[in-house]
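Have a look at the structure below, then the notes.
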Amino acid sequence: MEWSKEQGVMVSGGGRIERLFDAPRFSWKEEDLPHFHKARTCSWVKGSTHAAFGKWKREKRTHDIVVGAWFRPLFLGGWIHSDSRTESVYNLQTPSLFIDLRIPNLEENKKWQDIHGFSQLSDVDLRLLARRHCFAGYSLLNQGGPWTIENPPVCTRHHAIDWNFVGKMRPRPNKWRIEMREDGKVWKEWGYARDEFDQHIYLERWELLPEGKGPYLALTRDERYGREAILIVCGDHFNFAMDRPTKMPFDPQRQQVASLQDLVDSLVDKGDREEAIKYLSLEGCHGRISGKQAWVIDNALHPWMIGKKILSPDEVQVKYAERKVLWKGEEWHIFEDSFGPNGLLKLFTGGIVDKKSSL
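Following my numbering, the numbering of the sequence shown begins with 47 at its first residue and continues without gaps.
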């Protein structure tokens, strides 16, 4: 039950982030907060995340420095650390969009693979299931270059989908410095704020997953379907994330709850399993795109989804000239890709060109 709490302790540098990440040393603006645009979207300011992300993309505020599929062998902050034995992490990044999936390696995960859904989970299971994470959105790098010691690459992430967001915004930006090894296969994420000894408040080490480099793709689900969703492919890997239904009520009282874990604990204690399950309905999963296991989920927020196919060739039509893909009859926008028209047809159909698809 302590996994999420420990992750929060590490990323906050042992609970010091609000004191250290502030003016005059490390000033920030409200629009830098990870949930600034998402909170506006939830408040029915139509298209806040879509509008902001589209604007940044048109302004070419993109960069390929950390494009790829990454895992995290080390996370260190405060007096705590975790590694790839503790959790399985899949961080897929295109030049603009990302999906970051983090699953604690629990014995219960195997047991949960054999069930059919939430109804078969006990109250304790629901609380434990809340202790994982998935978030997705836009990685916005500082402008200007080339990168130097005086002007290092710095990323600020903006979240469109967030497992842990239930109404209360994170109080400081998700902002960090990138230190890339010369071969491009390993990099360090240094928390932007530093302490009195000029040490970064946390460190995450990222390494390239096998076949984690290659063509990339980012699809975004059209706004009219309600639930925000993103599909990302990098190399031989895919990540998928779909938000809770946007029409879920954001109770003002719950906006004071700091985390999904606290909220689910409270709802379960009150016997409101149905409401707890609604908040656990956010979807996130990872898999590979080639071979016999192509498009098969190999890890997920909901373990009973493991082993299932996320898509099949007969469900997809590529409309490349229109910068869209039809998936199960729904319109998805090609936000970014390096596959090209023929590459996308091969990606989704295995080389079989659907007569309804067009270049």
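Built from N, CA and C at the ideal position, the CB exists for glycine as well. Since this is a predicted model, take the numbers as computed values, not measurements.
Sequence-distant residues of the same chain with beta carbon closer than 7 Å to residue i, five excluded per side
{"i": "residue 253", "result": "116, 117, 119, 231 and 232"}
{"i": "residue 248", "result": "56, 57, 59, 122, 123 and 237"}
{"i": "residue 63", "result": "218, 239 and 247"}
{"i": "residue 176", "result": "306, 307, 310 and 326"}
Buried/exposed call for residue i, threshold 16 Cβ in 10 Å
{"i": "residue 268", "result": "exposed"}
{"i": "residue 49", "result": "buried"}
{"i": "residue 355", "result": "exposed"}
{"i": "residue 290", "result": "buried"}
{"i": "residue 339", "result": "exposed"}
{"i": "residue 345", "result": "buried"}
{"i": "residue 283", "result": "buried"}
{"i": "residue 84", "result": "buried"}
{"i": "residue 221", "result": "buried"}
{"i": "residue 151", "result": "exposed"}
{"i": "residue 125", "result": "exposed"}
{"i": "residue 388", "result": "exposed"}
{"i": "residue 208", "result": "buried"}
{"i": "residue 307", "result": "buried"}
{"i": "residue 245", "result": "exposed"}
{"i": "residue 401", "result": "Residue placement at residue 401 is poorly supported in this model, since its pLDDT is 47, which falls under 50; the coordinates still yield a value, given next. That one is exposed."}
{"i": "residue 53", "result": "buried"}
{"i": "residue 416", "result": "Residue 416 is absent from the model: the chain starts at 47 and stops at 405."}
{"i": "residue 285", "result": "buried"}
{"i": "residue 349", "result": "buried"}
Simplified DSSP assignment, three categories, for residue i
{"i": "residue 242", "result": "coil"}
{"i": "residue 72", "result": "coil"}
{"i": "residue 176", "result": "coil"}
{"i": "residue 113", "result": "coil"}
{"i": "residue 252", "result": "strand"}
{"i": "residue 119", "result": "strand"}
{"i": "residue 351", "result": "helix"}
{"i": "residue 398", "result": "Residue placement at residue 398 cannot be trusted, given a pLDDT of 43 that sits under 50; what the coordinates show is reported in the next sentence. Coil, per DSSP."}
{"i": "residue 215", "result": "coil"}
{"i": "residue 164", "result": "helix"}
{"i": "residue 90", "result": "Below a pLDDT of 50, predicted positions are generally treated as unreliable, and residue 90, at 44, falls in that range; the measurement from the model is reported next regardless. Residue state, collapsed to three classes: coil."}
{"i": "residue 290", "result": "coil"}
C-beta contact flag for residue i and residue j at 8 Å
{"i": "residue 141", "j": "residue 110", "result": "yes"}
{"i": "residue 250", "j": "residue 121", "result": "yes"}
{"i": "residue 280", "j": "residue 170", "result": "no"}
{"i": "residue 99", "j": "residue 184", "result": "yes"}
{"i": "residue 262", "j": "residue 384", "result": "yes"}
{"i": "residue 257", "j": "residue 288", "result": "no"}
{"i": "residue 86", "j": "residue 94", "result": "yes"}
{"i": "residue 211", "j": "residue 205", "result": "yes"}
{"i": "residue 162", "j": "residue 266", "result": "no"}
{"i": "residue 199", "j": "residue 186", "result": "no"}
{"i": "residue 323", "j": "residue 164", "result": "yes"}
{"i": "residue 370", "j": "residue 361", "result": "no"}
{"i": "residue 365", "j": "residue 357", "result": "no"}
{"i": "residue 276", "j": "residue 367", "result": "no"}
{"i": "residue 214", "j": "residue 69", "result": "no"}
Neighbour flag for residue i against chain B, beta carbons, 8 Å
{"i": "residue 322", "result": "Looking for chain B here will not work: only one protein chain is present."}
Residues near residue i by beta carbon distance below 6 Å, same chain, minus five either side
{"i": "residue 411", "result": "In the structure displayed, the chain extends from 47 to 405; residue 411 sits before or after that span and is not available."}
{"i": "residue 61", "result": "none"}
{"i": "residue 264", "result": "140, 143, 278, 381 and 382"}
{"i": "residue 317", "result": "none"}
CB-CB length for residue i against residue j, believed under 8 Å
{"i": "residue 155", "j": "residue 144", "result": "Residue 155 to residue 144, Cβ: 24 Å. No contact."}
{"i": "residue 148", "j": "residue 180", "result": "7 Å"}
{"i": "residue 335", "j": "residue 393", "result": "7 Å"}
{"i": "residue 172", "j": "residue 270", "result": "Actually they are not in contact, since the Cβ atoms of residue 172 and residue 270 sit about 31 Å apart, beyond 8 Å."}
Other residues of its chain near residue i: CB distance less than 8 Å, five sequence neighbours each side excluded
{"i": "residue 243", "result": "none"}
{"i": "residue 178", "result": "49, 50, 148, 149, 150, 209 and 347"}
{"i": "residue 91", "result": "Its pLDDT being 49, under 50, residue 91 is placed unreliably in this model, and the coordinates cannot settle the point."}
{"i": "residue 174", "result": "47, 152 and 154"}
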